[in-house]
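Quick mapping for you: the protein sequence lines, in order, are chains A and B. Just so it is clear: in the first sequence, position 108 is 108 by my numbering, and no numbers are missing. Just so it is clear: in the second sequence, position 133 is 1133 by my numbering, and no numbers are missing. The next block holds one structure in the form of C-alpha cells; read it before the comments.
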Amino acid sequence: MRSWKAWSKKRMANEVCLRTLDLERPWLLEQYQSRGGYEMLKKILTEKMAPEAIVEEVKMSGLRGRGGAGFPTGLKWSFISRNAPGQKYVVCNSDEGEPGTFKDRDILRYNPHQLIEGMVIAGYAIGATRGYNYIRGEFWEPYERFEQALEDARSAGYLGENLLGSGFDFELHAHLGAGAYVCGEETALLESIEGKKGQPRYKPPFPAHFGLYGRPTIINNTESLASIPMIMEKGGEWFADIGVKNSGGSKLFSISGNINNPGVFEIPMGTPFSELLAMAGGMKDGHKIKAVIPGGSSAPIIPGEQMMELNMDYDSIAGAGSMLGSGAVIVLDERNCMVKILERMSYFYHEESCGQCTPCREGTGWLYRVVHRIETGQGRQEDLDLLDDVASKISGKTICALGDAAAMPVQGMLRHYRDEFQYHIDHKRCMIGVG
Amino acid sequence: MTTTTVKDKTEHFTPEVRAEIDRWIAKYPAEWKQSAVMGALMIVQDENGGWLTNQLIDQVAAYLDMPSIAVYEVATFYSMYELKPVGKHKICVCTNVSCMTNKSDVIVEHLEKKLGIGFGQVTEDGRFSLKEVECLGACGGAPMMQIGKQYYENLTPEIVDAILEGLE
Ligand SMILES: Cc1cc2nc3c(=O)[nH]c(=O)nc-3n(C[C@H](O)[C@H](O)[C@H](O)COP(=O)(O)O)c2cc1C
Ligand code: SF4
Ligand code: FES
C-alpha cells in the first residue's frame, strides 16, 4: 500500500500492457521480442512450471478483471478443475462496448503479441488447448492486426502443436462480432461464438463449469489477459506493489470528454484523478469541470469537485458511490446538460437490451421515454419518483447486468443532479445556457 | 435439425467466397460449423454491396447445414447486418456521450445537409447511406465515424468534406 505521494515519486506509465508503445511499429513480433516478449512463455514451457504456481502468482498480483466487474482473475482461474477430462477453453473479451471505453483497441493494435502470450499462459495454467478472442465487429483494423500477429506467432512456434517441444498444444483464433453491446456480457459472448444471437445465459452454471460449447471456460478481458506475461515475468508482488490495497497493478484508463488530450493512459491504480486529468491535458478551452463518469457509462456520475479528491482505484471510486468499471473516464464540463446526457445513455441501454427479461426490456424503455419527455419539456411532477421506482425495479432482477447498467446511471444522476431535472420539469427548459 | 430446401450447396457463392467462409469454418470444432455463421454473413453481405437478402441468408444456412430460421435470428439480432440496401459507402456516425459532448450533432447535421438524407436513408445515386451508431470504442477521437471498415476520428465539417471527396 502506498500513499499517493509515493506514487508521485514512482510516476510509472506504460509498463505493462503498453510496454512496447514507444517502439516503432510496436505490434510486430520482433519488436515485442526485443522487449523480452515470449520469454516468459518459453520459460514456463521449458521448465514445465507447475500450473498451480501460475494461478498462485496471478492471485498474488491482485489483478482484478479489467472488463468492468473487477473479479479477481487468479480466483476465477482456480475455479477450473484442470484435470477434468475433455476440452477446456480460454476466451478473451475484446468486445469493448461499454461507452467511453477504448483501451482494448490499443492493446490489439499496438501490442497484440502480449495478449497472445497471456492467453497461451492462461491455457497452460488451466489445462486448455484452445482459445478464442472475441473482437467487436467494428474493430476491423484491430482484427486484421491481431490475425497477422496470430500468423506470426504460429510461424514462430508460439501457437500450434507441441509448443517449443514441450508437449503442450495451444491453438488460438479470433472471432468477429457484428454489433451488439450485450455480447460483451460473458455468456452472451459465448452464445455468439456458438453462432447464435447474443442472449445472456442464466447463471449458474458459470462458464468455469459450463462455458463455450458446454465446456469449462475462463473468460477474461483483453487487458486482464495481456497483463499476465508481465505478472509472470516480474512477479505477482511486483504487480501488486504498483497499485494500492485491493487494486493491484497499473490500469489502462481511457479518458475522453471535454478535455485537451483524450487518450489511453496506463498508470498505477491509486493515481489521483487530478493527476490523470492533468496528463490528459486538463479541461478544454478553460471550461470548468462539472462531473465525471469514472468507469464507463454504467458507472454512476460523480460531481467534479468530489472527483478531484478521489483516486483511480476500486475502493476510492466505490467510496463515492460509483465504480471503476472498465476504467473509462468521461469528463464533462459545465456546458453539459445532465438531462440530455442521461437521455442519451438511457437510449443506449434501451436499444441494446436483448429483450429476454421483462424488467430490463420494459424498464429500459420506460427510463428512456421518461427522461426523453423531461428533456423535451414534457416532464411531469411525478416523473422523478417514477424514474427512481423504475430503476429500483430493474436493479438485481435481471438475467445479466445490463439491467443494472441501465439503472445505475439514472440513480447516480438523480442523486447528484436532481435539481437540474426538477428545473427541466418546472420550466420546460434547460438551466444550462440557451438549451 | 432440419436443413434447408436448397439442394446443392456448392452451387452458391463464388469459389472465392466459399474459400473465405471455409476459413471461418476451420477456426471452430468440426461439429460447430455454425460458429462460422457470423463471419459468413459478413462475407456475403460485403460481396452483395453491403446488405443481406433473404436468399443470401438461406444460402448461408444451406452452406453451414443450419436451419434458415437460426440464421435469420442471427442476421436480425446484430446491428451490423443490413436487411435493406445501403449506400456504396455506409457512413456510421457515433452519437454516444463522448462524441455527443464533442459535437457529433454538428457532424450529423453537416452530413445530412451535404447528402440530403437522414439516418437510415440512402442517397438517390446509391453512393452514400447514413446510420447512427453507438459508441465505437474510439471516444478519444471524438467525434468520430466509420465508413466501411475504416474509422475516422477528430472530425470537423471540413475534415468530413475532405474524407468524402477522397472516396470513390
Ligand atoms: C452488458 C455487459 C457488457 C459487458 N461488456 C464487456 C466488454 O465489452 N468487455 C469486457 O471485457 N467485459 C464486458 N462485460 C463484463 C463481462 O461480462 C465479464 O465480466 C468480463 O469479460 C470478465 O473478464 P474480466 O474478469 O477479466 O474482467 C460486460 C458485462 C455486461 C453485463
Ligand atoms: S438484463 Fe437485459 S440484456 Fe440482460 S438478459 Fe435481461 S433483457 Fe437481456
Ligand atoms: S462515444 Fe463515440 S466512439 Fe465512444
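We put the CB at the ideal spot given by N, CA and C, even for glycine. Please read all numbers here as calculations on a predicted model, not as lab measurements.
- Chain B has a Cβ within less than 9 Å of the Cβ of Val264 of chain A.
- Residues of the region 184-199 of chain A that bring their beta carbon within less than 9 Å of a beta carbon in chain B comprise Ser192, Ile193, Glu194, Gly195, Lys196, Lys197, Gly198, Gln199, in sequence order.
- Residues of chain A whose Cβ lies closer than 9 Å to the Cβ of Tyr1081 of chain B are, in chain order, Ala178, Gly179.
- Here DSSP, grouped into helix, strand and coil, assigns Lys1131 of chain B to strand.
- Annotation: Cβ neighbours of Tyr1078 of chain B in chain A (cutoff 9 Å, chain order): Gly137, Gly177, Ala178, Gly179, Ala180, Cys183, Ser192, Lys197, Gly198.
- When 7 Å is used as the limit between beta carbons, Tyr213 of chain A is near these residues of chain B: Pro1029, Trp1032, in chain order.
- Annotation: Thr1156 of chain B has no Cβ neighbours in chain A at a cutoff of 8 Å; minimum Cβ distance is about 15 Å.
- The three-state secondary structure of Arg130 of chain A, taken from DSSP, is strand.
- At least one heavy atom of ligand 1 lies less than 8 Å from the C-beta of Leu225 of chain A.
- Residue environment analysis places Tyr1063 of chain B among the buried positions, since at least 16 neighbouring C-beta atoms fall within 10 angstroms of its C-beta.
- Counting along the chain, Ile289 of chain A sits inside the beta strand (DSSP E) bounded by residues 289-293.
- Within the model, the alpha-carbon separation for Tyr143 of chain A versus Ala1142 of chain B is close to 21 Å.
- Between Ile255 of chain A and chain B, the shortest Cβ-Cβ separation is below 9 Å.
- Within the region 1096-1119 of chain B, those residues whose Cβ lies closer than 7 Å to any Cβ of chain A are, in chain order, Asn1096, Val1097, Ser1098, Met1100, Thr1101.
- Taking the CA atoms as reference points, Ile1117 of chain B sits about 38 Å from Leu190 of chain A.
- Nearest in C-alpha terms to Asp169 of chain A, of all of A:Glu343, A:Glu223, A:Cys183, A:Thr129, is A:Thr129.
- Contact annotation for Gly1140 of chain B against chain A: Phe102, Ser254, Ser256, Pro262, Gly263, Val264 [CB-CB distance below 7 Å, chain order].
- In this structure, the beta-carbon distance from Ala318 of chain A to Gly304 of chain A does not fall below 9 Å.
- Annotation: the region 196-224 of chain A contains the following complete segments of the beta strand (DSSP E) (minimum length 3 residues), in chain order: 217-221.
- Here Ile1043 of chain B carries a helix assignment [DSSP, helix/strand/coil].
- Among the CB atoms of chain B, one or more fall inside 9 Å of the CB of Gly97 of chain A.
- Cβ contact annotation for Ala208 of chain A (same chain, cutoff 8 Å, sequence separation greater than five): Lys76, Phe79, Ile80, Pro216, Thr217, Ile218, in chain order.
- Spanning the alpha carbons of Val264 of chain A and Glu351 of chain A requires a straight line of approximately 27 Å.
- The beta carbon of Met1066 of chain B sits closer than 9 Å to some beta carbon of chain A.
- Checking the 8 Å criterion, the Cβ of Pro99 of chain A is within range of a heavy atom belonging to ligand 3.
- Counting the other CB atoms within 10 Å of its CB gives Gln381 of chain A a total below 16, which places it among the exposed residues.
- Placement of the Cβ of Asn1096 of chain B at a distance of 8 Å or more from every heavy atom of ligand 1 is found.
- If you compare the alpha carbons of A:Tyr368, A:His427, A:Val91, A:Ile341 with that of Gly118 of chain A, the shortest gap goes to A:Val91.
- Exclusion of the five residues before and after Val1122 of chain B leaves Pro1085, Val1086, Gly1087, Phe1128, Ser1129 as the residues of its chain whose Cβ lies within less than 8 Å of its Cβ.
- Per DSSP, Phe253 of chain A is one residue of the beta strand (DSSP E) stretching across 250-257.
- A check of alpha carbon separations from Pro204 of chain A across A:Asp404, A:Gly214, A:Ile231 identifies A:Gly214 as the nearest.
- In the DSSP assignment, Leu150 of chain A falls within the unbroken alpha helix (DSSP H) covering 140-155.
- Interface with chain B (9 Å Cβ-Cβ cutoff): Ile399 of chain A is excluded.
- Between Glu24 of chain A and the set A:Glu375, A:Glu275, A:Tyr110, the nearest pair of CA atoms involves A:Tyr110.
- The distance from the Cβ of Gly177 of chain A to that of Tyr134 of chain A is about 6 Å, consistent with a contact at the 8 Å cut-off.
- Asp333 of chain A sits in a strand when the DSSP states are folded into three classes.
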